[in-house]
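Residues -19 to -1, 1 to 328 in mature numbering (1 follows the signal peptide of the UniProt record, and there is no 0) are what the sequence shown lists, from first letter to last.
Where is the CB? At the ideal position from N, CA and C, for every residue including glycine.
Quantities reported herein were computed from a predicted structural model and do not represent experimental measurements.
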Amino acid sequence: MKKSLIALAVLAASGAAMAQSSVQLYGIVDAYVGSTKDTIKSATAESQTVVGSGGLKSNRWGMKGSEDLGGGLKAGFKLEQRFKSDTGEQDGVAFKGESSINLSGNFGAVALGRMGTPYDDLRGKTNPIADTNISPVGDTIKNAKADYTDKTDNTVAYVSPTFNGFSGAVAVSFGENKTNVADATSHSSLKLQYANGPLLVGYGFQKEESQLTAGTPAAATGQTEDKTFNLLAASYDFGVAKLVGGYQTLEIESKGVKQGDNDSLYFGVQAPVASNINVFFGYAGSEYDAVTGTDYKATGFTLAANYVLSKRTDAYVGYKQIKKENDTTGADMGKVKTLAVGVRHTF
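Written out as structure tokens, the structure reads:
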């Protein structure tokens, strides 16, 4: 009888603890079969049939949890690992997706660790093709020297609560590679947005201060390369279709000396044509103007559709094409073509 009472007491205590805290396992498994050809990386590249990983979303598994500390305060964490579904390999460092801990309450949330930037969060909400890997935006800005860092290490972030549709977030990533001849690499990012009903409008800012490659004359004098990004973006859901778009600017400097700048534009439409079928179209264009060197121009588009099989599973088909050229002479510098037919499951 005494042992039974002890057992009941232990179960009651564990039940009370579980009522105040939770841990969730989640993830995405996404694979496709299709063809790829990238003559930007290699002019002699041939088209080849592949079984690819992450046609829509990068594969991942993760754990996230929270604990109620009382008084409206909560503690939480998130650990997210990336992997390749076609080979089973780990994609990048362990917990490449995120590794963070946070405290949240009526004041908002404060987080520490590795996480996505507020700037990237805004672009994701307004990215064509539902912010998937088959969107033309990422490849276009990358091939026009306008790519930014979407996740940062050693980060402190604050996310505000929402006031009448208005909210904001700011994050600072401290560099831990400072030397006696070079400043540390660091990132700062923020977003301000208004979201109410079908409308979302936002502004994003991000600055990246990076040490130049060791051994270069500039690095020997302690110089860094500074990238400053600005983004205006919006989306509006009409019900029959959702329109998204954004305009990004970039300025590259080295110790106050301008190296070049870039203007990027993207827009898209997402339309449900049936209760379980959605079609997507996205366009992106980006131009890099160098003070010295080559001016680049990259344009791209994607046409895609998905068929919802269940709450957690969908099938998809998509075609993406990116073109890069010399913006001064118009000379063709290659294309990226991807055709994918795949399936995605979330858990």
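Beta-bridge pairing by DSSP links K123 to no other residue.
Comparing alpha carbon positions, the residue from A176, A312, S169 closest to A138 is S169. The residues A56, in chain order, have a CB closer than 7 Å to that of L50 in the same chain once the five nearest residues on each side in sequence are set aside.
Between P109 and F328, the beta carbon gap of about 26 Å keeps them out of contact (Cβ cut-off 8 Å). Only buried fits F210, as 16 or more other CB atoms lie within 10 angstroms of its CB. Assigned with DSSP and collapsed to three states, I21 falls in coil, not helix or strand. Bounds of any beta strand (DSSP E) do not take in A111; it lies within the alpha helix (DSSP H) bounded by 109 to 112.
Pairwise C-beta distances place the region 61 to 77 out of contact with the region 143 to 158, as fewer than three of them are shorter than 8 Å. The beta carbon of N135 sits closer than 7 Å to the beta carbons of S154, F155, E157 from its chain, once the five residues preceding and following it are set aside; these are given in chain order. Note on geometry: alpha-carbon atoms of A152 and G185 lie some 12 Å from one another. For G69, the three-state secondary structure derived from DSSP is coil. When beta bridges are read from the DSSP output, A279 appears opposite S267, K305. Where L103 is concerned, the enclosing alpha helix (DSSP H) starts and stops at 99 to 106. Per DSSP, the unbroken beta strand (DSSP E) holding D242 starts and ends at 238 to 255. Rounded to whole angstroms, S34 and G52 show a C-alpha spacing of 44 Å. The beta carbon of Q229 sits closer than 6 Å to the beta carbons of L212, S245 from its chain, once the five residues preceding and following it are set aside; these are given in chain order. DSSP places V298 in the strand class (E or B) of the three-state scheme.
Looking at D207, L37, K59, N124, the one whose alpha-carbon comes closest to that of V317 is N124. By the Cβ neighbour-count rule, L37 is buried, with 16 or more other Cβ atoms within 10 Å of its own. The straight-line gap separating the alpha-carbon atoms of K278 and G311 is approximately 9 Å. DSSP, read as helix, strand or coil, puts V74 in coil.
Shown here, V118 sits in a helix according to DSSP, grouped into three states. For the pair of segments examined, the region 110 to 118 was found to touch the region 294 to 306: the number of CB pairs separated by less than 8 Å reaches three.
Less than 7 Å divides the Cβ of T107 from the Cβ of S216. Nearest neighbour of K172 by Cα position, chosen from T166, G178, G274, G183, turns out to be G183. A straight-line Cα-Cα distance of about 24 Å links E232 and M96.
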